[in-house]
Amino acid sequence: MNKNKKRTLLIFLIQIASFILFFILWEILVRFNILTSLLVASPSQIIKSLNIVLNAELINALLYTLYVMLISMIISIVTGIGLGILIGGIKYLKEGILPYFILIYATPKVIFLPIFWFLFGLGLNYQVSFAVFHGILPIAINLAIQINMIDKRLITIARSFGASSYNIYTKVILPSLMPILLGSIRLCFYGVVVGIVISQLYIGNTGVGYLAGYYTATYNITNLYGLILIFGILVMIIYWGLIRVEVNYLKKRGLLKS
Amino acid sequence: MNKHVLRLIPLGVILVIWQILPSMGIISKFILPPISSVLESFPQLFNPNNQFIPGGFYYNFQITIYEILIAYLVSIAIALPLGFLIGYYSLLRDSLEPILYILYSIPAPLLYPAIYLLFGLGYLSKIILGILLGIFPLLINVISGLRNLDQMYFTVATAYGADGKQTFIKVALPGSMPAILSGLRLSLGGTFIGVIVGQLLASSDGGLGWIISFTAQNFIIDQMYATIIIIMLLVYLMLSMFEFLESKLLKYLR
């Protein structure tokens, strides 16, 4: 086995080992009461009562939350792209408004949560609007910045070869934006999930966040940790999927040195 | 047009809309009180004998700053050495970096109820939440900063006979400084967000986030908006401070 293959194997082993170590540590901490089993459920407890954990309530909440995530993602991406191109394209908007977008991106947007509650009541509109508020910013900001970094010579060359506006848009501008766009979609997803969970946790009676708060308030520890584990794994899988899409696209374009 | 004047125009537009829309009744004064009444509520907010908010503004502000500072310092103390350790040894980096990225993707709000259970509703849970959100940006930035450092620098250093410590101080540290500064900025932002969200969702000790939740649920809307303005000013202060630091430090190092 040559050196490279050995190294890849070693890396894989370290990753698997950390993964297993984490679960073993968790199990030990709870079993020996270092973390009181009144407040923490161990992995074995979750697996033993999996049929109780995976009840209809939880599955409904998961499906509903996924549905809200999908809607919020679509709205954030479409609106974010439009907003980003608009702000980046017009010089006065970029200089004047973009700093405010960046400022809002850095603030804990949860301080605006009660305002969304007043405006939209409870339920889908409230959650989606708050999630879109979180998700739209990375896309708009990154696109606005990136659109000015497109190599203007490429556009000139395309024009001199007789490209129409539509051609320039699809063959020059869009491909130049794609890498940043894919990365921003990842950030958007993170923001959307955070927005949804916080809005559900704060107020309302639907979704994963609400269920987490409910289980906490009723000290239903096994279900709580089961919910955290399952939803966490779900989010990680989707996130990992987004990373793979981005990496594959970059590799196809030859932009990733691998 | 001057860049700074250009930046004030949206602010002016927002203030004008903020005053006109509620005053004319287009938006309910209940959802968005006019900026005049929000500004009028500032003295009330800062009044030590504030009848609306238990503890007054200063106590909550103090608690928030205290929690943020402790969480920030602890996350720097953990993330900086750990980041250098992982970033320096390529085996550790290649194996642990993907794990870190995946861990970073876990939505922190999901862990909030569990943390509240374990650590109560007092300052400890807020600090822990701040640490959770503050560690990852710094860790990831330090690791990627070290990785993007040209290997040539290290080769030259060894060729000139530098030992491990000298290489670290003279090559690795200055070279990754932009990434470290950026990571420090993101980490402070993350700590800030973690603490404020923690205070808003549930808090027995109060704090700025708690004020927002409390005033919202008791419909003391003017003071809620006043606190929102204060928090945004804090964020602006924080970002400006880092902009200043970055300009000074990077100039010195280059």
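Heads up: the sequence lines are chains A and B, in that order. Counting along the first sequence from 1, when you hit position 67 you're at 758 in this note's numbering, and nothing is skipped either side. Counting along the second sequence from 1, when you hit position 41 you're at 94 in this note's numbering, and nothing is skipped either side. Note that CB positions come from ideal geometry on N, CA and C, so glycine has one too. All figures in this text were calculated on a predicted structure; none of them were measured in a lab.
Check: What does Ser-148(B) reach in chain A if we use C-beta pairs closer than 7 Å?
Finding: Here the question's residue 148(B) lines up with position 95 in the second sequence. Chain order gives the chain A residues near Ser-148(B) as Ile-702, Ile-705, Gln-706, where near means a beta carbon separation below 7 Å.
Notebook entry, point to check: Taking a cut of 8 Å between CB atoms, which residues from the region 731-747 of chain A lie near chain B?
Noted result: Going along the region 731-747 of chain A in chain order, one finds Val-731 with a Cβ nearer than 8 Å to chain B.
Notebook entry, point to check: By DSSP, does Phe-104(B) sit in helix, in strand, or in coil?
Noted result: Looking up residue 104(B) in the second sequence gives position 51. Strictly speaking, residue 104(B) in this sequence is Gln, with Phe absent from that position. Correct three-state label for Gln-104(B): coil.
Item checked: Neighbouring residues, chain B, relative to Met-927(A) (Cβ below 9 Å) -> Counting from one through the first sequence, the residue named residue 927(A) turns up at place 236. What Met-927(A) touches in chain B: Ile-155, Leu-156, Ser-158, Ile-159.
Next item on the list: Using 10 angstroms around the beta-carbon of Ala-279(B), count the other beta-carbons present and answer buried if the total reaches 16, otherwise exposed.
Entry: As a position in the second sequence, residue 279(B) is number 226, starting the count at 1. With 16 or more other Cβ atoms from the protein chains shown falling within 10 Å of its own Cβ, Ala-279(B) counts as buried.
Check: Which one of Leu-700(A), Val-884(A), Ile-705(A), Ser-733(A) has the shortest CA to CA distance from Thr-913(A)?
Finding: Looking up residue 913(A) in the first sequence gives position 222. Closest by alpha carbon: Ser-733(A).
Checklist line | Same chain, Cβ closer than 7 Å to Lys-800(A), neighbours up to 5 away in sequence not counted | finding: As a first step, residue 800(A) must be located in the first sequence, where it is residue number 109. Scanning its chain for C-beta atoms nearer than 7 Å, with the 5 sequence neighbours on each side dropped, one finds around Lys-800(A) the residues Phe-824, His-825, in chain order.
Check: Is Pro-87(B) helix, strand or coil by DSSP?
Finding: The count along the second sequence starts at 1 and reaches residue 87(B) at position 34. The answer is coil: DSSP assigns Pro-87(B) none of H, G, I, E or B.
Margin query: With distance defined between alpha-carbon atoms, name the residue in Leu-813(A), Gly-775(A), Ala-797(A) nearest to Ile-246(B).
Written below: The residue you call residue 246(B) lines up with position 193 of the second sequence. Comparing Cα positions, the closest option is Ala-797(A).
Next item on the list: Kindly provide the ranges of any alpha helix (DSSP H) runs that are 4 or more residues long and lie completely inside the region 786-842 of chain A, ordered along the chain.
Entry: Considered as a whole, the region 786-842 of chain A harbours 804-811, 815-838 as its complete alpha helix (DSSP H) runs of no fewer than 4 residues, in chain order.
Next item on the list: Mind reading off the beta-carbon distance from Ala-132(B) to Leu-191(B)? Whole number of angstroms is fine, and I expect it under 8 Å.
Entry: Here residue 132(B) is taken as the residue at index 79 of the second sequence, counted from 1. Here residue 191(B) is taken as the residue at index 138 of the second sequence, counted from 1. 4 Å between Cβ atoms; contact.
Note to self: Along the chain, where does the alpha helix (DSSP H) containing Val-731(A) start, and where does it finish?
What the structure shows: In the first sequence, counting from the first residue as 1, residue 731(A) sits at position 40. Taken as a continuous stretch (DSSP letters only), Val-731(A) belongs to no alpha helix (DSSP H), as it is neither H nor E.
Check: Does DSSP classify Tyr-783(A) as helix, strand or coil?
Finding: Indexing the first sequence from 1 puts residue 783(A) at position 92. Tyr-783(A) falls in the helix class under three-state DSSP.
Margin query: Check whether chain B comes within 8 Å of Ser-709(A), counting only Cβ atoms and requiring the distance to be less than that.
Written below: Taking the first residue of the first sequence as position 1, residue 709(A) is located at position 18. Interface flag for Ser-709(A) against chain B is set, since a Cβ pair is found closer than 8 Å.
Notebook entry, point to check: Listed from N- to C-terminal order along the chain, which residues in the region 799-811 of chain A have their beta-carbon within a distance smaller than 9 Å of any beta-carbon of chain B?
Noted result: Under the 9 Å Cβ criterion, the region 799-811 of chain A contributes Pro-799, Lys-800, Val-801, Ile-802, Phe-803, Leu-804, Pro-805, Ile-806, Trp-808, Phe-809, Leu-810.
Notebook entry, point to check: Between the Cα of Asn-911(A) and the Cα atoms of Glu-718(A), Gly-874(A), Gln-706(A), Val-744(A), which residue gives the shortest distance?
Noted result: As a first step, residue 911(A) must be located in the first sequence, where it is residue number 220. Ranking Glu-718(A), Gly-874(A), Gln-706(A), Val-744(A) by Cα distance to Asn-911(A) puts Val-744(A) first.
Item checked: chain B contact residues for Tyr-916(A), given Cβ-Cβ distances below 9 Å -> The residue you call residue 916(A) lines up with position 225 of the first sequence. Within chain B, the residues near Tyr-916(A) are Ala-167.
Note to self: Taking the alpha helix (DSSP H) that Ala-225(B) belongs to, which residues open and close that run?
What the structure shows: Counting from 1 along the second sequence, the entry for residue 225(B) is found at position 172. Here Ala-225(B) belongs to no alpha helix (DSSP H), and DSSP marks it neither H nor E.
Notebook entry, point to check: Terminal residues of the continuous alpha helix (DSSP H) containing Gly-895(A)?
Noted result: Start at 1 with the first residue of the first sequence, and residue 895(A) comes out as number 204. Note, Gly-895(A): premise wrong, no alpha helix (DSSP H); not H, not E.
Margin query: Can you check which of these residues, Ser-197(B), Gly-262(B), Phe-221(B), is closest to Ala-232(B) by C-alpha distance?
Written below: The residue given as residue 232(B) occupies position 179 in the second sequence. By alpha-carbon distance to Ala-232(B), the top candidate from Ser-197(B), Gly-262(B), Phe-221(B) is Ser-197(B).
Notebook entry, point to check: Listing by chain order, which chain B residues have their CB less than 8 Å from the CB of Gly-779(A)?
Noted result: Your numbering for residue 779(A) matches position 88 in the first sequence. Within 8 Å Cβ-Cβ: nothing; Gly-779(A) doesn't reach chain B, min ~15 Å.
Next item on the list: Kindly list the residues whose CB is nearer than 7 Å to the CB of Arg-722(A), restricted to its own chain and excluding five residues on each side of it in sequence; keep chain order.
Entry: The sequence position of residue 722(A) within the first sequence is 31, counting from 1. Hits under 7 Å: Ser-733.
Checklist line | Same chain, Cβ closer than 6 Å to Leu-878(A), neighbours up to 5 away in sequence not counted | finding: Here residue 878(A) refers to the residue found at position 187 of the first sequence. Hits under 6 Å: Pro-829.
Checklist line | Neighbour list for Pro-790(A) in chain B, Cβ cutoff strictly below 8 Å | finding: Sequence index remark: in the first sequence, residue 790(A) carries index 99 (1-based). Per Cβ cutoff of 8 Å: Arg-60.
Notebook entry, point to check: Using a Cβ cut-off of 7 Å, which residues of the region 74-104 of chain B contact any Cβ in chain A, in chain order?
Noted result: Listed in sequence order: Ile-84.
Notebook entry, point to check: So, Ala-831(A) versus Ile-778(A), is the Cβ gap smaller than 8 Å?
Noted result: Counted from its first residue, the first sequence places residue 831(A) at position 140. Counted from its first residue, the first sequence places residue 778(A) at position 87. Yes. Within cutoff.
Notebook entry, point to check: Rounded to whole angstroms, how far is the Cβ of Gly-140(B) from the Cβ of Leu-199(B), which I believe are closer than 8 Å?
Noted result: For the purposes of this step, residue 140(B) is taken as the residue at position 87 of the second sequence. For the purposes of this step, residue 199(B) is taken as the residue at position 146 of the second sequence. So it is a contact: roughly 3 Å between Cβ atoms.
Checklist line | Three-state secondary structure (DSSP) of Phe-267(B) | finding: Residue numbering aside, residue 267(B) sits at position 214 when the second sequence is read from its first letter. In this structure, Phe-267(B) counts as helix in the three-state DSSP scheme.
Note to self: Taking contact to mean 3 or more Cβ pairs, one atom from each stretch, closer than 8 Å, check whether the region 113-125 of chain B and the region 259-275 of chain B are in contact.
What the structure shows: The region 113-125 of chain B vs the region 259-275 of chain B: in contact.
Check: Can you name the residues of chain A whose CB is closer than 8 Å to the CB of Ala-132(B)?
Finding: Reading the second sequence from its first residue, position 79 is the one you call residue 132(B). Chain A residues near Ala-132(B): none, gap ~17 Å exceeds 8 Å.
Notebook entry, point to check: Taking the alpha helix (DSSP H) that Asn-201(B) falls in, what are its first and last residues?
Noted result: Counted from its first residue, the second sequence places residue 201(B) at position 148. First-last for Asn-201(B): undefined, no H or E at that position.
Item checked: Host alpha helix (DSSP H) of Gly-217(B) (start-end) -> Taking the first residue of the second sequence as position 1, residue 217(B) is located at position 164. Unbroken alpha helix (DSSP H) run through Gly-217(B): 217-220.
Note to self: By the DSSP assignment, the alpha helix (DSSP H) with Lys-56(B) in it spans what residues?
What the structure shows: The residue given as residue 56(B) occupies position 3 in the second sequence. Lys-56(B) -> alpha helix (DSSP H) spans 56-76.
Checklist line | Contact list for Pro-162(B) against chain A, beta-carbon separation under 8 Å | finding: Counting from 1 along the second sequence, the entry for residue 162(B) is found at position 109. Within chain A, the residues near Pro-162(B) are Val-885, Val-888, Ile-889, Leu-892, Gly-900.
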